[in-house]
Amino acid sequence: MFELLGIPPQVLFGQLLLGLINGSFYAVLSLGLAVIFGLLNIINFTHGAQYMLGAFGTWMLLNYLGVGYWWAVFIVPPIVGATGIVLERVLIRRLYHLDHLYGLLLTFGLALIIVGFFRQFFGVSGLPYPPPPLLTGGHNLGFMYLPNSRAWVIVASLIVCLATWFIIEKTRLGAYLRAATENPTMVGAFGINVPLLVTLTYGFGVALAGFAGVLAAPIYAVNPNMGADLIIVVFAVVVIGGMGSILGSILTGFGLGLIEGLTRVFYPEGSAVVIFVIMALVLLVKPAGLFGRGV
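Counting along the sequence shown from 1, when you hit position 159 you're at 159 in the UniProt record's numbering, and nothing is skipped either side.
#1: Can you list, in chain order, the residues of its chain whose CB lies under 7 Å from that of L135, leaving out five sequence neighbours each side?
#2: Below 8 Å on the Cβ atoms is my contact criterion, and I expect A111 with T171 to pass it. Report the Cβ-Cβ distance as a whole number of Å.
#3: Roughly how many angstroms lie between the CA atoms of L61 and F190, to the nearest whole one?
#4: Please report how far the alpha carbon of V295 lies from the alpha carbon of I43, in whole angstroms.
#5: Once the 5 residues before and after M186 are set aside, which same chain residues still bring their CB inside 8 Å of it?
#6: Would you mind stating whether F254 and G23 have Cβ atoms separated by less than 8 Å?
#7: Is there contact here, the segment 225-235 with the segment 81-95, by at least three beta-carbon pairs under 8 Å?
#8: Just the Cα atoms here: how many angstroms apart are H100 and L258?
#9: Apply the 10 Å Cβ neighbour rule to I113 and answer buried if 16 or more other Cβ atoms are within range, or exposed otherwise.
#10: Does the beta-carbon distance from G54 to V76 come in below 8 Å?
#11: For Y202 versus L98, is the C-beta distance shorter than 8 Å?
#12: Ordered along the chain, which non-local residues of its own chain (more than five positions away) have a Cβ less than 7 Å from that of I250?
#13: Between the Cα of Y220 and those of P131, V198, G138, spot the shortest distance and give me the residue it belongs to.
#14: Could you check whether L230 and L29 sit closer than 8 Å to each other, using their CB atoms as the reference points?
#15: State the beta-bridge partners of P147 as determined by DSSP.
#16: Could you give the first and the last residue of the continuous alpha helix (DSSP H) run that contains A221?
#17: Whole angstroms are fine: how far does the CA of G174 sit from the CA of A163?
#18: Name the one or two DSSP bridge partners that L127 has.
#19: Where F117 and P128 are concerned, what is the direct C-alpha to C-alpha distance, given to the nearest angstrom?
#20: Under a Cβ-count criterion, where at least 16 other Cβ atoms within 10 Å of its own Cβ denotes burial, should G137 be classed as buried or exposed?
#21: In angstroms, rounded to a whole number, what distance separates the CA positions of Y64 and T58?
#22: In terms of residues, what are the limits of the alpha helix (DSSP H) holding P268?
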């Protein structure tokens with residue numbers, strides 16, 4: 001088989017697959033951040049902890065209640081989203097008319113509390129989650145081996161991302177959400193419960209983080225620090241795509257995952273920082289992000 005610059009195709013496509021998997025998580029998590037910031041104007045630093053809650057919720061359902069993975073896909077995201085609704089009702093809604101810094105500090109503090117709580121009870125070592133039978137094994141594509149668990153992550157994240165984009169950009173509900181962020185008084189005059197709409201929007205953004213945690217449980221070790229290791233990269237993805245841009249978060253998440261995979265092939269030492277280098281370059285050229293709207 002051919003080689004590209006001396007790189008065997010199995011290595012190249014294997015790293016591209018790994019980058020696409022990482023990009024799937026980047027896309028779903030940055031999409032949740034974009035929904036919350038774009039529609040509510042809150043920088044949700046608790047997102048990484050809520051991603052961790054999704055993975056731990058999946059693990060707890062199996063180990064404490066005997067509930068399998070496929071049930072967890074539908075049970076855990078709404079539960080994690082409900083915790084977000086409680087946070088929004090009790091704390092976050094008090095900050096909507098204040099500077100972004102207050103929301104960032106509050107959500108950062110909440111993240112520290114949540115992670116510290118789980119670290120106290122579960123330690124910092126990873127907890128294994130056995131994949132369901134349907135996700136074991138894989139397919140030989142000739143040039144590489146594609147595990148079923150990885151293929152599921154890519155397909156599921158694509159479906160969720162595109163469905164979210166369609167709902168927000170192409171439906172009446174999405175139009176109400178966008179209008180409520182720009183002129184809540186006018187939207188309320190049409191009989192729409194704007195505070196409830198805002199609360200459900202935050203809950204939905206948090207549920208996306210929980211869904212990403214469910215996807216991660218069979219692939220990565222479930223541990224309290226898994227969100228903290230990822231959230232900084234996800235924020236960089238959001239900045240590159242454009243704060244609040246739904247489509248930008250999706251395309252940038254998958255694209256940067258692939259770039260990270262290619263960097264790991266040709267210059268492994270730079271794979272850990274390539275996203276931040278791209279962020280710096282984008283901010284120099286277009287401070288609003290690739291898909292963001294300038295002020």
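All C-beta atoms in this analysis are idealised placements derived from N, C-alpha and C, irrespective of residue type, glycine included. Small disclaimer: the values here were computed from a predicted structure and weren't measured.
Quick look at the numbers:
#1: On the sequence shown, residue 135 is found 135 positions in, with the first residue counted as 1. If we look at L135 and ignore the five residues flanking it on each side, its Cβ neighbours are N148, S149, W152, P218.
#2: The residue labelled residue 111 in the question sits at position 111 within the sequence shown. The residue labelled residue 171 in the question sits at position 171 within the sequence shown. Not confirmed; about 31 Å, so no contact.
#3: Residue numbering aside, residue 61 sits at position 61 when the sequence shown is read from its first letter. Residue numbering aside, residue 190 sits at position 190 when the sequence shown is read from its first letter. Approximately 42 Å, taken between the alpha carbons.
#4: Locating residue 295 in the sequence shown gives position 295, where the first residue counts as 1. Locating residue 43 in the sequence shown gives position 43, where the first residue counts as 1. Summary for V295: the model assigns pLDDT 47, below 50, so the residue's position carries little reliability; its value from the coordinates is reported in the next sentence. Distance between the alpha carbons of V295 and I43 is about 18 Å.
#5: As a first step, residue 186 must be located in the sequence shown, where it is residue number 186. Same-chain partners within the cutoff: A179.
#6: Indexing the sequence shown from 1 puts residue 254 at position 254. Indexing the sequence shown from 1 puts residue 23 at position 23. Their beta carbons are under 8 Å apart, which means F254 touches G23 by this criterion.
#7: no
#8: Working through the sequence shown from its first residue, we reach residue 100 at position 100. Working through the sequence shown from its first residue, we reach residue 258 at position 258. When rounded, the distance between both Cα atoms is 31 Å.
#9: The sequence position of residue 113 within the sequence shown is 113, counting from 1. With fewer than 16 other Cβ atoms within 10 Å, it is exposed.
#10: Against the sequence shown, residue 54 aligns to sequence position 54. Against the sequence shown, residue 76 aligns to sequence position 76. For G54 and V76, yes; Cβs fall inside 8 Å.
#11: Along the sequence shown, one-based indexing puts residue 202 at 202. Along the sequence shown, one-based indexing puts residue 98 at 98. Taking 8 Å as the Cβ cut-off, Y202 and L98 do not qualify as a contacting pair.
#12: Along the sequence shown, one-based indexing puts residue 250 at 250. Closer than 7 Å at Cβ, skipping near neighbours: A27, L31, C161, W165.
#13: To locate residue 220, count along the sequence shown from 1; it is residue 220. Here the closest residue by C-alpha is P131.
#14: Along the sequence shown, one-based indexing puts residue 29 at 29. Along the sequence shown, one-based indexing puts residue 230 at 230. For L29 and L230, yes; Cβs fall inside 8 Å.
#15: By 1-based counting over the sequence shown, the position of residue 147 is 147. G138.
#16: Within the sequence shown, numbered from 1, the residue matching residue 221 stands at position 221. Counting along the chain, A221 falls outside any alpha helix (DSSP H), and DSSP gives it neither H nor E.
#17: Stepping through the sequence shown from its first residue, residue 163 is reached at position 163. Stepping through the sequence shown from its first residue, residue 174 is reached at position 174. So the two alpha carbons sit approximately 12 Å from each other.
#18: Translated into the one-based positions of the sequence shown, residue 127 becomes position 127. In DSSP, L127 forms a bridge with V222.
#19: Indexing the sequence shown from 1 puts residue 117 at position 117. Indexing the sequence shown from 1 puts residue 128 at position 128. Answer to the nearest angstrom: the Cα atoms are 19 Å apart.
#20: The sequence position of residue 137 within the sequence shown is 137, counting from 1. Result: exposed.
#21: Here residue 64 refers to the residue found at position 64 when the sequence shown is read from its first residue. Here residue 58 refers to the residue found at position 58 when the sequence shown is read from its first residue. In a straight line, the C-alpha of Y64 is about 10 Å away from that of T58.
#22: As a working note, residue 268 is residue 268 in the sequence shown. Where P268 is concerned, there is no enclosing alpha helix (DSSP H), given that its DSSP letter is neither H nor E.
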